[in-house]
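> Take this structure, written in structure tokens, and hold onto it; I'll ask about it next.
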Amino acid sequence: MTMPPGTMFGDYRIVRRLGQGGMGAVYLVENPQLGRYEALKVIAPTADADFQTRFTQEARTAAALDHPGIIGVHHVGIADGVPWFTMTYLDGADLTHAGLSAAESLGAVTRVAAALDYAHGRGVVHRDVKPANIVVTRTAGGMLDKVVVLDFGIAKLADTAGVTATGAFIGTLAYTAPEMLEGRPPSPRSDQYALACTAFELLTGTPPFDGPTPVSIMSAHASAPVPAISARRPDLASLDPVFVRALAKNPAERFASCTEFTDALRTAIARPAPPPPPTLVRPVVVPTPPRRRTPPAAIAAVAVVAAILVIGVVVAVVKTVGGSSDEPVTTAAPPPTSTATITSSTVPTISACVYNAGVVTGASARAARSLTGAGIDVLETSNLQSRSVTENVVFYPAGRESEARTVAAAVPGGAVAEPRPAAFTKCPGEIAVIVVD
588 MTMPPGTMFG DYRIVRRLGQ GGMGAVYLVE NPQLGRYEAL KVIAPTADAD
638 FQTRFTQEAR TAAALDHPGI IGVHHVGIAD GVPWFTMTYL DGADLTHAGL
688 SAAESLGAVT RVAAALDYAH GRGVVHRDVK PANIVVTRTA GGMLDKVVVL
738 DFGIAKLADT AGVTATGAFI GTLAYTAPEM LEGRPPSPRS DQYALACTAF
788 ELLTGTPPFD GPTPVSIMSA HASAPVPAIS ARRPDLASLD PVFVRALAKN
838 PAERFASCTE FTDALRTAIA RPAPPPPPTL VRPVVVPTPP RRRTPPAAIA
888 AVAVVAAILV IGVVVAVVKT VGGSSDEPVT TAAPPPTSTA TITSSTVPTI
938 SACVYNAGVV TGASARAARS LTGAGIDVLE TSNLQSRSVT ENVVFYPAGR
988 ESEARTVAAA VPGGAVAEPR PAAFTKCPGE IAVIVVD
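In the working numbering, the protein residues as written are 588 to 1024.
Next comes the structure, spelled out in structure tokens:
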């Protein structure tokens, strides 16, 4: 079913097609009643009443999720056997085309983890986490802005039986957990596995398990050992054990939550890379030349030279101790020290969101530039409607007080660090900077 621009679909006017997927097409549409643009997803037509019931239930499930990292669903319906729903339109790119840096990749995965944990806490498993289902936008200054997970419309309530029990395979092989390939019910740790595959691909350019055929990919998920990310990115060797756990074949051996997985990534990146092993140098055996008698004249000459050298050393020592030498005193340079492979210019160890709660325009942007210059990954910047904050403040989640103090020190004019209030819901799971001047 193809709809050219200008076609009316119910109350919506088709502007253009945004993409085509395995379940249907997505269009940019205009909502004349509300005067805004939305994204319309049209599913392939079907007369299957069970599928229509499942679709309606899952679309309603998606609409009930209210989180900044999850796409908002507005309306749902079935027209002449064609299931459809509208959602918030984001003018951005999915992670297969976003071209993120390593730092941005870590920040994006961290925010996706928070969105997934929110859904898991409400009994919803996504089942199809992959780069194509994550969209990012950028600010006018080019910084990463929104990171949003799409297609919760094909998710299912984890504690609901029967509605989606069709045995149909949903998802993309390169990111699908082994238990799902075996036909077992998905769980939050299945989403974590898919997120780990996504993170691996963002950092290396290829997913951890790949192959020329679907069967080879499925076999790799089921039995192949977790590939070392250090084999493709030696500078990320500290992440090897993190991915081994997140990509464990047994879900029980994975992290307890998606956020715990991304926290482990951040901790491992912050850990200095181990120094290279010492190089063993075999001693070189120099043959001893035949002993020859040294002429007396040569012995006398050596003695004279040695005496001159001794006198020179004594003079040099006296001058150095007395501090009256006119010549600069040079010392041998110390041996170079080993440094971590990853620096703040590649993958920052601290990330934060920045908000302007004052009346001065551009305060959040200036603060963001200052934080970025200090090696802190700024995830988003925006204005707050509330003016209740009277001084610069840094809200931090549990366990990140030391990071918050580092961030506070980088805020222009300084800031106080305080535990995140439960009422402050923006930038969930992250450090939030609120500036007023």
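Beta carbons: idealized from backbone N, C-alpha and C, even for Gly.
#1: What's the gap between the Cα of A719 and the Cα of F672?
#2: What do you reckon, are the CB atoms on G656 and K628 nearer than 8 Å?
#3: Quick one: complete alpha helix (DSSP H) runs, 4+ long, within the segment 785-836?
#4: Can you grab the Cα-Cα spacing for the pair R1007 / S803, in whole Å?
#5: Can you tell me the Cα-Cα spacing of A950 and D964, whole angstroms?
#6: Measuring straight from C-alpha to C-alpha, what distance separates F1011 and R725?
#7: Measuring only between beta-carbons, confirm whether L621 sits less than 8 Å from chain C.
#8: Around the C-beta of Q620, are 16 or more other C-beta atoms found within 10 angstroms, so that it is buried, or is it exposed?
#9: Can you list the alpha helix (DSSP H) stretches of 4 or more residues lying completely in the segment 624-697, in chain order?
#10: Confirm, please, whether the CB-CB distance from A824 to S817 is below 8 Å.
#11: Taking 8 Å as the cut-off, decide whether the C-beta atoms of T785 and K717 are in contact.
#12: Could you check the C-alpha separation between G659 and M674 for me, to the nearest Å?
#13: In this structure, how does DSSP classify M767 when only helix, strand and coil are distinguished?
#14: Within 10 Å of its beta-carbon, does E645 have 16 or more other beta-carbons around it, so buried, or fewer, so exposed?
#15: Among the residues of its own chain, which have a CB less than 7 Å from the CB of M590, if the five just before and after it don't count?
#16: Buried or exposed: where does Q607 fall if 16 or more other Cβ atoms within 10 Å of its Cβ makes it buried?
#17: State buried or exposed for E840, treating a residue as buried only when at least 16 other CB atoms are found within 10 Å of its CB.
#18: Taking just the CA atoms, how far does T759 sit from P801?
#19: For N979, count neighbouring C-beta atoms within 10 Å of its own C-beta (all shown protein chains included) and say buried if the count is 16 or more, exposed if not.
#20: Whole angstroms are fine: how far does the CA of L790 sit from the CA of A855?
#21: Determine which residues share a DSSP beta bridge with S844 and list them.
This is what the structure gives:
#1: Locating residue 719 in the sequence shown gives position 132, counting from the first residue. Locating residue 672 in the sequence shown gives position 85, counting from the first residue. C-alpha separation (whole angstroms): 19 Å.
#2: Translated into positions along the sequence shown, residue 656 becomes position 69. Translated into positions along the sequence shown, residue 628 becomes position 41. Judged by their CB atoms, G656 and K628 are not nearer to each other than the 8 Å cut-off.
#3: Counting only runs of 4 or more, we get 801-810, 827-833.
#4: Along the sequence shown, one-based indexing puts residue 1007 at 420. Along the sequence shown, one-based indexing puts residue 803 at 216. About 47 Å.
#5: As a working note, residue 950 is residue 363 in the sequence shown. As a working note, residue 964 is residue 377 in the sequence shown. Looking at the two C-alpha atoms, the distance is approximately 17 Å.
#6: For the purposes of this step, residue 1011 is taken as residue 424 along the sequence shown, with counting starting at 1. For the purposes of this step, residue 725 is taken as residue 138 along the sequence shown, with counting starting at 1. For the pair F1011 and R725, the Cα-to-Cα distance works out to about 23 Å.
#7: Absent from the structure is chain C; it holds one protein chain and no more.
#8: Counting from 1 along the sequence shown, the entry for residue 620 is found at position 33. Classification of Q620: exposed, given that the 10 Å Cβ count is below 16.
#9: Restricted to the segment 624-697, the alpha helix (DSSP H) segments that are unbroken, complete and at least 4 residues in length are 636-650, listed in chain order.
#10: As a working note, residue 817 is residue 230 in the sequence shown. As a working note, residue 824 is residue 237 in the sequence shown. Less than 8 Å divides the Cβ of S817 from the Cβ of A824.
#11: For this step, residue 785 is matched to residue 198 along the sequence shown. For this step, residue 717 is matched to residue 130 along the sequence shown. Taking 8 Å as the cut-off, the Cβ atoms of T785 and K717 count as close.
#12: Residue 659 sits at position 72 when you count from the first residue of the sequence shown. Residue 674 sits at position 87 when you count from the first residue of the sequence shown. C-alpha separation (whole angstroms): 5 Å.
#13: The count along the sequence shown starts at 1 and reaches residue 767 at position 180. Three-state DSSP puts M767 in a helix.
#14: As a working note, residue 645 is residue 58 in the sequence shown. Buried.
#15: Counted from its first residue, the sequence shown places residue 590 at position 3. Closer than 7 Å at Cβ, skipping near neighbours: F596, I601, Y614.
#16: Counted from its first residue, the sequence shown places residue 607 at position 20. A residue is called buried once 16 or more other Cβ atoms fall within 10 Å of its Cβ, and Q607, having fewer, is exposed.
#17: Within the sequence shown, residue 840 is the residue found at index 253, counting from 1. By the Cβ-count criterion, E840 is exposed, with fewer than 16 other Cβ atoms from all chains shown falling within 10 Å of its own Cβ.
#18: Within the sequence shown, numbered from 1, the residue matching residue 801 stands at position 214. Within the sequence shown, numbered from 1, the residue matching residue 759 stands at position 172. Computed Cα separation, rounded: 10 Å.
#19: The sequence position of residue 979 within the sequence shown is 392, counting from 1. Buried, because 16 or more other Cβ atoms sit within 10 Å of the Cβ of N979.
#20: As a first step, residue 855 is located in the sequence shown; it is residue number 268 there, counting from the start. As a first step, residue 790 is located in the sequence shown; it is residue number 203 there, counting from the start. Cα to Cα, the separation comes out at about 14 Å.
#21: Residue numbering aside, residue 844 sits at position 257 when the sequence shown is read from its first letter. DSSP output for S844 lists no bridge partner at all.
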